[in-house]
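The next block holds one structure in the form of structure tokens; read it before the comments.
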DNA sequence: CAAACACATAAGTCTGTGCTTATGTGTTTT
DNA sequence: AAAACACATAAGCACAGACTTATGTGTTTG
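Right under this line is the structure:
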């Protein structure tokens with residue numbers, strides 16, 4: 425299940441850090457992502473595989489490097505999930521609900 | 425960490441089911457939540473504890489029953505987290521960004 | 001007050017998962 | 001072509017977490 429992959433992927437703090445790194449930079453390869461992270465190369469590779477399967481990240485091979493960047497599909501799925509419960513937010517935020525509906529098309 | 429609690433809480437499919445049940449009904453006690461769920465009483469109790477710690481759920485004791493309902497705080501935190509990456513959504517959805525900013529105040 | 005009830009907590013088991021080291025695959029460099 | 005490099009995969013280990021049964025705590029009912 426798609427939803428499950430996403431939440432499981434984001435349940436790990438290391439993976440969220442990786443994702444945030446990718447979000448603030450345009451695109452990074454796996455080695456660049458490791459900088460300042462005290463994480464082994466295989467661990468990084470495994471985390472990226474999980475993020476990729478959750479559609480939170482896209483990869484693009486360039487020679488011997490693999491460049492990773494944020495895939496909006498994953499984020500959109502979270503938004504859609506949260507949007508189902510938008511009725512529980514303060515009234516004024518109902519405007520958000522509208523915007524999200526337009527987004528779904 | 426707050427963020428961690430939420431994502432870990434939602435990483436479990438059973439807990440998401442419980443949360444969705446609470447979202448579609450106004451308020452339910454733990455026993456009512458078990459209906460049609462083939463889950464033991466202690467398991468339900470443990471899941472609810474996790475959801476409560478993540479601020480996804482509120483409890484209110486009434487006699488020997490404990491009524492649970494959705495706590496918007498948890499949902500709001502997810503929205504805030506996703507909002508940080510709203511730049512990755514298609515342009516027109518940038519309107520959402522505005523709405524979320526207003527929400528933060 | 002005793003029994004039934006609603007729920008929480010304890011303790012143990014089993015599976016999932018995040019890590020490691022070792023090795024494999026493909027690409028670039030010299 | 002050999003060496004260095006970037007990354008993936010394999011296999012094993014250790015811990016986290018979801019479940020179970022058993023029991024505890026508090027409340028209501030008969």
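Protein chains in written order, with my numbering: chain A, 425 to 529; chain B, 425 to 529. Each residue gets a CB set at the ideal place from its N, CA and C atoms; glycine is no exception.
9 Å Cβ cutoff, residue i in contact with chain B
i                      : result
residue 494 of chain A : yes
residue 463 of chain A : no
residue 440 of chain A : yes
residue 466 of chain A : no
As assigned by DSSP and simplified to three states, the class of residue i
i                      : result
residue 486 of chain B : strand
residue 461 of chain A : coil
residue 452 of chain B : strand
residue 493 of chain A : strand
Distance between residue j and residue i (C-alpha atoms, nearest Å)
i                      : j                      : result
residue 449 of chain B : residue 457 of chain B : 10 Å
residue 501 of chain B : residue 440 of chain B : 16 Å
residue 490 of chain B : residue 470 of chain B : 14 Å
residue 508 of chain A : residue 435 of chain A : 20 Å
residue 419 of chain A : residue 487 of chain B : Here chain A comprises residues numbered 425 to 529, so residue 419 of chain A is not present and cannot be evaluated.
residue 493 of chain B : residue 427 of chain A : 22 Å
Neighbourhood of residue i by C-beta, 7 Å cutoff - its chain only, sequence neighbours within 5 removed
i                      : result
residue 430 of chain B : 478, 480, 498, 501, 502
residue 433 of chain B : 439, 474, 475, 478, 480
residue 495 of chain A : 479, 480, 481, 482
Neighbour flag for residue i against chain A, beta carbons, 9 Å
i                      : result
residue 479 of chain B : no
residue 472 of chain B : no
residue 489 of chain B : no
Cutoff 6 Å; reference residue i; Cβ partners in own chain excluding five residues on either side
i                      : result
residue 511 of chain A : none
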